[in-house]
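Asks: Structure incoming, see below.
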Amino acid sequence: MNARVTQPNGIPRQPSTSPGGPLERPLEAVPLWGVASAIAAPLLLVLGYLYAVSLTPGYDKVAQAVSDLGVVGGPARWPWAFTLVFIGIAHIATAIGLRPADVIGRWLLGAGGFVMMVLAFVPNNVVGKTYMRHTLTSAIVFGLLALWPAMSARNGRGVPWPLRRRVTIIVSIVVFVLIEITLWGLILQTTTDGVREFALYAWTSLWPLVVVLWVRLRPGTALPLVSPAKPSSAPSAPTTPASRH
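Each residue of the sequence shown is one higher than the last, beginning at 1491 in our numbering.
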(Lines of atoms letter the chains of each structure in order from A and count residues from 1; the text may use other names and numbers.)
(Lines give C-alpha, C1' and ligand atoms only; values in the text may rest on other atoms or scores of the structure.)
Protein backbone atom coordinates (compact mmCIF):
# COMPACT_ATOMS: atom_id res chain seq x y z
CA MET A 1 0.00 0.00 0.00
CA ASN A 2 1.43 3.40 -1.01
CA ALA A 3 2.08 5.88 1.79
CA ARG A 4 0.69 9.37 1.32
CA VAL A 5 2.93 12.42 1.72
CA THR A 6 1.54 14.61 4.48
CA GLN A 7 2.21 18.11 5.70
CA PRO A 8 3.32 18.74 9.31
CA ASN A 9 -0.30 19.15 10.43
CA GLY A 10 -1.20 15.75 9.08
CA ILE A 11 -3.19 16.99 6.08
CA PRO A 12 -2.24 15.23 2.83
CA ARG A 13 -0.14 17.43 0.51
CA GLN A 14 -2.01 18.38 -2.65
CA PRO A 15 -0.08 18.73 -5.95
CA SER A 16 -0.14 22.18 -7.53
CA THR A 17 -2.37 22.13 -10.57
CA SER A 18 -5.07 24.15 -12.21
CA PRO A 19 -8.62 22.92 -11.81
CA GLY A 20 -9.23 20.23 -14.39
CA GLY A 21 -5.74 20.68 -15.90
CA PRO A 22 -2.72 18.37 -16.02
CA LEU A 23 -0.10 18.36 -13.28
CA GLU A 24 3.22 20.13 -13.74
CA ARG A 25 6.11 17.71 -13.91
CA PRO A 26 9.81 18.15 -13.10
CA LEU A 27 11.84 19.05 -16.17
CA GLU A 28 14.35 16.53 -17.44
CA ALA A 29 17.98 17.21 -16.62
CA VAL A 30 20.46 18.35 -19.26
CA PRO A 31 23.27 15.77 -19.49
CA LEU A 32 26.85 16.84 -18.90
CA TRP A 33 27.75 16.38 -22.55
CA GLY A 34 24.94 18.81 -23.40
CA VAL A 35 26.50 21.35 -21.06
CA ALA A 36 29.90 20.74 -22.66
CA SER A 37 28.55 21.30 -26.18
CA ALA A 38 26.80 24.53 -25.10
CA ILE A 39 30.07 25.81 -23.62
CA ALA A 40 31.99 24.73 -26.72
CA ALA A 41 29.97 26.83 -29.20
CA PRO A 42 30.94 30.34 -27.98
CA LEU A 43 34.42 29.13 -27.04
CA LEU A 44 35.01 27.78 -30.55
CA LEU A 45 33.66 31.02 -32.01
CA VAL A 46 36.09 33.22 -30.08
CA LEU A 47 39.14 31.00 -30.55
CA GLY A 48 38.43 30.31 -34.22
CA TYR A 49 37.75 33.98 -34.91
CA LEU A 50 40.95 35.17 -33.23
CA TYR A 51 43.02 32.52 -34.98
CA ALA A 52 41.51 33.36 -38.38
CA VAL A 53 42.14 37.07 -37.81
CA SER A 54 45.77 36.35 -36.90
CA LEU A 55 46.18 34.53 -40.22
CA THR A 56 44.69 37.39 -42.25
CA PRO A 57 47.08 40.37 -42.48
CA GLY A 58 45.37 43.73 -42.73
CA TYR A 59 41.97 42.42 -41.67
CA ASP A 60 39.87 45.17 -40.04
CA LYS A 61 37.80 43.62 -37.24
CA VAL A 62 35.48 46.63 -37.13
CA ALA A 63 34.90 47.41 -40.79
CA GLN A 64 35.25 44.05 -42.54
CA ALA A 65 32.55 41.39 -42.38
CA VAL A 66 33.33 38.15 -40.59
CA SER A 67 32.53 36.34 -43.85
CA ASP A 68 35.70 37.82 -45.37
CA LEU A 69 37.73 35.49 -43.16
CA GLY A 70 36.46 32.49 -45.09
CA VAL A 71 36.83 33.92 -48.59
CA VAL A 72 38.00 31.50 -51.27
CA GLY A 73 41.80 31.46 -51.49
CA GLY A 74 42.25 33.44 -48.28
CA PRO A 75 44.82 32.44 -45.65
CA ALA A 76 42.10 31.70 -43.08
CA ARG A 77 39.72 29.93 -45.48
CA TRP A 78 39.85 26.47 -43.93
CA PRO A 79 40.46 27.43 -40.28
CA TRP A 80 37.30 29.56 -40.38
CA ALA A 81 35.39 26.88 -42.31
CA PHE A 82 36.19 24.24 -39.69
CA THR A 83 35.29 26.72 -36.95
CA LEU A 84 31.79 26.97 -38.42
CA VAL A 85 31.59 23.18 -38.78
CA PHE A 86 32.48 22.59 -35.14
CA ILE A 87 30.07 25.31 -33.96
CA GLY A 88 27.34 23.63 -36.00
CA ILE A 89 28.12 20.25 -34.41
CA ALA A 90 28.01 21.88 -30.97
CA HIS A 91 24.56 23.35 -31.72
CA ILE A 92 23.28 19.94 -32.84
CA ALA A 93 24.59 18.26 -29.69
CA THR A 94 23.10 21.00 -27.50
CA ALA A 95 19.74 20.59 -29.22
CA ILE A 96 19.77 16.87 -28.47
CA GLY A 97 20.70 17.40 -24.83
CA LEU A 98 18.36 20.33 -24.14
CA ARG A 99 15.54 18.06 -23.00
CA PRO A 100 13.66 20.64 -20.89
CA ALA A 101 12.93 22.78 -23.99
CA ASP A 102 10.06 22.24 -26.38
CA VAL A 103 10.79 19.74 -29.14
CA ILE A 104 10.13 22.23 -31.95
CA GLY A 105 12.70 24.66 -30.56
CA ARG A 106 15.26 21.88 -30.26
CA TRP A 107 14.69 20.86 -33.87
CA LEU A 108 15.17 24.45 -35.02
CA LEU A 109 18.41 24.77 -33.04
CA GLY A 110 19.71 21.51 -34.49
CA ALA A 111 18.69 22.55 -38.00
CA GLY A 112 20.50 25.86 -37.52
CA GLY A 113 23.62 23.96 -36.55
CA PHE A 114 23.36 21.73 -39.61
CA VAL A 115 22.93 24.64 -42.03
CA MET A 116 25.87 26.39 -40.35
CA MET A 117 27.98 23.39 -41.33
CA VAL A 118 26.75 23.86 -44.89
CA LEU A 119 27.59 27.58 -44.69
CA ALA A 120 31.22 26.66 -44.05
CA PHE A 121 31.40 25.32 -47.62
CA VAL A 122 29.45 28.17 -49.25
CA PRO A 123 31.96 31.04 -48.90
CA ASN A 124 32.26 34.38 -50.63
CA ASN A 125 34.57 34.41 -53.63
CA VAL A 126 36.00 37.91 -53.24
CA VAL A 127 36.80 39.99 -50.16
CA GLY A 128 34.32 42.82 -49.67
CA LYS A 129 31.63 41.35 -51.93
CA THR A 130 28.62 39.33 -50.84
CA TYR A 131 27.40 36.55 -53.10
CA MET A 132 23.75 35.50 -53.21
CA ARG A 133 24.27 31.84 -52.30
CA HIS A 134 26.33 32.82 -49.26
CA THR A 135 23.78 35.46 -48.23
CA LEU A 136 20.85 33.04 -48.57
CA THR A 137 22.60 30.32 -46.59
CA SER A 138 23.51 32.81 -43.86
CA ALA A 139 19.91 34.03 -43.76
CA ILE A 140 18.66 30.46 -43.27
CA VAL A 141 21.20 29.81 -40.51
CA PHE A 142 20.40 32.89 -38.48
CA GLY A 143 16.70 32.68 -39.24
CA LEU A 144 16.61 29.23 -37.62
CA LEU A 145 18.77 30.40 -34.72
CA ALA A 146 16.43 33.38 -34.26
CA LEU A 147 13.28 31.24 -34.23
CA TRP A 148 14.40 28.49 -31.89
CA PRO A 149 14.19 30.51 -28.62
CA ALA A 150 10.55 31.48 -29.23
CA MET A 151 9.65 27.89 -30.10
CA SER A 152 11.47 26.41 -27.08
CA ALA A 153 9.12 27.90 -24.47
CA ARG A 154 7.26 25.72 -21.98
CA ASN A 155 4.02 26.35 -20.11
CA GLY A 156 3.54 26.29 -16.36
CA ARG A 157 4.19 28.27 -13.21
CA GLY A 158 7.48 26.57 -12.38
CA VAL A 159 9.14 27.04 -15.77
CA PRO A 160 12.72 28.45 -15.55
CA TRP A 161 12.90 32.01 -16.86
CA PRO A 162 14.93 31.24 -20.05
CA LEU A 163 12.07 28.98 -21.16
CA ARG A 164 9.21 31.32 -20.28
CA ARG A 165 7.28 32.46 -23.31
CA ARG A 166 7.76 36.21 -22.85
CA VAL A 167 11.51 35.83 -22.40
CA THR A 168 11.94 33.54 -25.41
CA ILE A 169 9.94 35.85 -27.66
CA ILE A 170 12.05 38.85 -26.60
CA VAL A 171 15.25 36.91 -27.32
CA SER A 172 14.01 35.96 -30.78
CA ILE A 173 13.07 39.57 -31.52
CA VAL A 174 16.57 40.71 -30.50
CA VAL A 175 18.14 38.21 -32.92
CA PHE A 176 15.88 39.32 -35.77
CA VAL A 177 16.80 42.95 -35.06
CA LEU A 178 20.49 42.03 -35.21
CA ILE A 179 19.88 40.26 -38.52
CA GLU A 180 18.18 43.34 -39.95
CA ILE A 181 20.95 45.65 -38.75
CA THR A 182 23.60 43.35 -40.22
CA LEU A 183 21.86 43.08 -43.59
CA TRP A 184 21.28 46.81 -43.90
CA GLY A 185 24.88 47.45 -42.96
CA LEU A 186 26.06 45.15 -45.74
CA ILE A 187 23.70 46.75 -48.24
CA LEU A 188 24.72 50.30 -47.32
CA GLN A 189 28.41 49.29 -47.04
CA THR A 190 28.92 50.89 -43.66
CA THR A 191 32.20 50.82 -41.73
CA THR A 192 31.02 48.62 -38.83
CA ASP A 193 30.10 45.40 -40.63
CA GLY A 194 32.54 43.31 -38.62
CA VAL A 195 31.19 44.39 -35.24
CA ARG A 196 27.57 43.75 -36.18
CA GLU A 197 28.17 40.37 -37.76
CA PHE A 198 30.30 39.16 -34.87
CA ALA A 199 27.62 40.35 -32.42
CA LEU A 200 25.11 38.20 -34.31
CA TYR A 201 27.38 35.16 -34.13
CA ALA A 202 28.09 35.79 -30.45
CA TRP A 203 24.45 36.24 -29.39
CA THR A 204 23.25 33.10 -31.17
CA SER A 205 26.12 31.10 -29.65
CA LEU A 206 25.67 32.39 -26.11
CA TRP A 207 21.91 32.02 -25.67
CA PRO A 208 21.90 28.18 -25.79
CA LEU A 209 24.58 28.27 -23.08
CA VAL A 210 22.45 30.58 -20.91
CA VAL A 211 19.47 28.24 -21.21
CA VAL A 212 21.49 25.09 -20.54
CA LEU A 213 23.31 26.45 -17.49
CA TRP A 214 20.15 27.90 -15.94
CA VAL A 215 18.00 24.78 -16.31
CA ARG A 216 20.94 22.66 -15.18
CA LEU A 217 21.52 24.68 -11.99
CA ARG A 218 17.91 25.63 -11.26
CA PRO A 219 15.59 23.04 -12.77
CA GLY A 220 11.91 23.71 -12.54
CA THR A 221 8.59 22.20 -13.52
CA ALA A 222 6.36 22.53 -16.56
CA LEU A 223 3.15 21.23 -17.96
CA PRO A 224 3.64 18.12 -20.10
CA LEU A 225 4.20 18.73 -23.79
CA VAL A 226 1.39 16.30 -24.59
CA SER A 227 -1.55 16.28 -22.21
CA PRO A 228 -2.16 12.78 -20.91
CA ALA A 229 -5.37 11.29 -22.21
CA LYS A 230 -8.07 11.02 -19.64
CA PRO A 231 -9.31 7.46 -19.19
CA SER A 232 -12.82 7.15 -20.55
CA SER A 233 -15.18 5.44 -18.17
CA ALA A 234 -17.72 3.40 -20.11
CA PRO A 235 -21.16 3.33 -18.50
CA SER A 236 -21.82 0.04 -16.83
CA ALA A 237 -24.74 -1.99 -18.05
CA PRO A 238 -27.70 -2.02 -15.69
CA THR A 239 -27.98 -5.16 -13.66
CA THR A 240 -31.25 -6.99 -13.56
CA PRO A 241 -32.23 -9.10 -10.62
CA ALA A 242 -32.05 -12.78 -11.27
CA SER A 243 -35.41 -14.38 -11.81
CA ARG A 244 -36.48 -16.97 -9.32
CA HIS A 245 -37.65 -20.30 -10.52
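Virtual Cβ for every residue (Gly too), placed ideally from N, Cα, C.
Starting from the Cα of valine 1702, find the closest Cα among Val1664, Ile1660, Pro1650, Leu1668 and give me that residue.
Replies: Numbered from its first residue, the sequence shown carries residue 1702 at position 212. Answer by Cα proximity: Pro1650.
Asks: Among the candidates Val1705, Arg1644, Ser1628, Pro1569, whose CA atom is the shortest distance from the CA of glycine 1603?
Replies: Taking the first residue of the sequence shown as position 1, residue 1603 is located at position 113. Minimum Cα distance to glycine 1603 is reached at Ser1628.
Asks: Evaluate contact between the segment 1552 to 1569 and the segment 1584 to 1595, counting only Cβ atoms and requiring at least three cross-stretch pairs below 8 Å.
Replies: They do not touch, by the three-pair rule.
Asks: Grab the span of the alpha helix (DSSP H) containing leucine 1707 for me, first residue to last.
Replies: Your numbering for residue 1707 matches position 217 in the sequence shown. Leucine 1707 -> alpha helix (DSSP H) spans 1683 to 1707.
Asks: Would you say the segment 1691 to 1701 touches the segment 1518 to 1537, given that touching needs at least three Cβ pairs under 8 Å?
Replies: Enough Cβ pairs lie closer than 8 Å, so yes.
Asks: Ends of the alpha helix (DSSP H) at threonine 1627?
Replies: Residue 1627 sits at position 137 when you count from the first residue of the sequence shown. Element bounds for threonine 1627: 1622 to 1641.
Asks: By Cβ distance below 7 Å, which residues in the same chain neighbour glycine 1578 in space, the five residues on each side in sequence not counted?
Replies: Residue numbering aside, residue 1578 sits at position 88 when the sequence shown is read from its first letter. Excluding residues within five positions, the ones whose Cβ falls inside 7 Å are Gly1603, Phe1604, Met1606, Met1607.
Asks: Buried or exposed: glutamate 1445, going by 16 or more other Cβ atoms within 10 Å of its Cβ?
Replies: No statement about residue 1445 is possible, as the shown extent of the chain runs from 1491 to 1735 and does not include it.
Asks: Measure the alpha-carbon distance for methionine 1641 versus leucine 1653 and round it to whole angstroms.
Replies: Here the question's residue 1641 lines up with position 151 in the sequence shown. Here the question's residue 1653 lines up with position 163 in the sequence shown. Rounded to whole angstroms, methionine 1641 to leucine 1653 spans 9 Å at the Cα level.
Asks: Using a Cβ distance threshold of 8 Å, determine whether the segment 1666 to 1684 contacts the segment 1543 to 1561, with at least three qualifying pairs required.
Replies: The answer is yes - the segment 1543 to 1561 touches the segment 1666 to 1684, with three or more Cβ pairs under 8 Å.
Asks: Alpha carbons only, please: which of Ser1544, Leu1713, Leu1699, Gly1648 is nearest the one belonging to histidine 1581?
Replies: Stepping through the sequence shown from its first residue, residue 1581 is reached at position 91. With distances taken between Cα atoms, histidine 1581 lies closest to Leu1699.
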